[in-house]
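Participant: Residue numbers (mature numbering (1 follows the signal peptide of the UniProt record, and there is no 0)): -24 to -1, 1 to 121. C-beta atoms are modelled at their ideal positions from N, C-alpha and C, and glycine is treated no differently.
1. Alpha carbon to alpha carbon, what distance is there between residue 114 and residue 107?
2. Check whether the segment 56 to 67 touches the segment 16 to 32, counting contact only when three or more Cβ pairs, one atom from each stretch, lie closer than 8 Å.
3. Can you tell me the Cα-Cα spacing of residue 32 and residue 70, whole angstroms?
4. With a floor of 3 residues, list each beta strand (DSSP E) that falls wholly inside the segment 52 to 119, ordered by position along the chain.
5. In three-state terms, what does DSSP make of residue 4?
6. With DSSP run on the structure shown, which of helix, strand or coil describes residue 48?
7. So, are the CB atoms of residue 27 and residue 64 less than 7 Å apart?
8. Taking Cβ to Cβ, would you say residue 22 is nearer than 7 Å to residue 104?
9. Would you mind reading off the limits of the alpha helix (DSSP H) that contains residue 34?
10. Does the beta-carbon of residue 61 have 16 or more other beta-carbons within 10 angstroms, so that it is buried, or is it exposed?
In structure tokens, the structure reads:
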């Protein structure tokens, strides 16, 4: 009888693994930003992107040159920048660390393989306006709307 609890403990993860591919086509999920400084400082100009959207090397390069943040001066006090960088690097994903833009990562280009005119629509305006197409983007949900 002592074996039953062990079987139950194995059954749940195995069931989740078996059904998870069915959800994969519904969209992707990454952990949302929960770091207050990242939400405040990054969110002032654009959605605070989840750390998993870029590799650690990309986050380090971005945070190391905030005086020229894609053409804008996004300089922060050293302690704030260090705290945000630590958070981003700790939760970083995979990809090419030489690429600084999320929209240049191979996975992003694969997922957005459609006409560039989609990004110039008035309701979208930019490739980094994730929430225009992915309503739950700020919470890490990148479903296909």
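Facilitator: Reading off the structure:
1. Mapped onto the chain shown, residue 107 falls at position 131. Mapped onto the chain shown, residue 114 falls at position 138. Their Cα atoms are separated by approximately 7 Å.
2. Result yes; three or more Cβ-Cβ pairs closer than 8 Å.
3. Sequence index remark: in the chain shown, residue 32 carries index 56 (1-based). Sequence index remark: in the chain shown, residue 70 carries index 94 (1-based). If I take the Cα positions, the gap works out to 8 Å.
4. Complete beta strand (DSSP E) runs here, min 3: 117 to 119.
5. Translated into the one-based positions of the chain shown, residue 4 becomes position 28. Three-state DSSP puts residue 4 in a strand.
6. Along the chain shown, one-based indexing puts residue 48 at 72. It is a strand residue.
7. Your numbering for residue 27 matches position 51 in the chain shown. Your numbering for residue 64 matches position 88 in the chain shown. Less than 7 Å divides the Cβ of residue 27 from the Cβ of residue 64.
8. Counting from one through the chain shown, the residue named residue 22 turns up at place 46. Counting from one through the chain shown, the residue named residue 104 turns up at place 128. In this structure, residue 22 places its C-beta atom within 7 Å of the C-beta atom of residue 104.
9. Residue 34 sits at position 58 when you count from the first residue of the chain shown. Residue 34 -> alpha helix (DSSP H) spans 32 to 39.
10. Here residue 61 refers to the residue found at position 85 of the chain shown. Residue 61 comes out buried.
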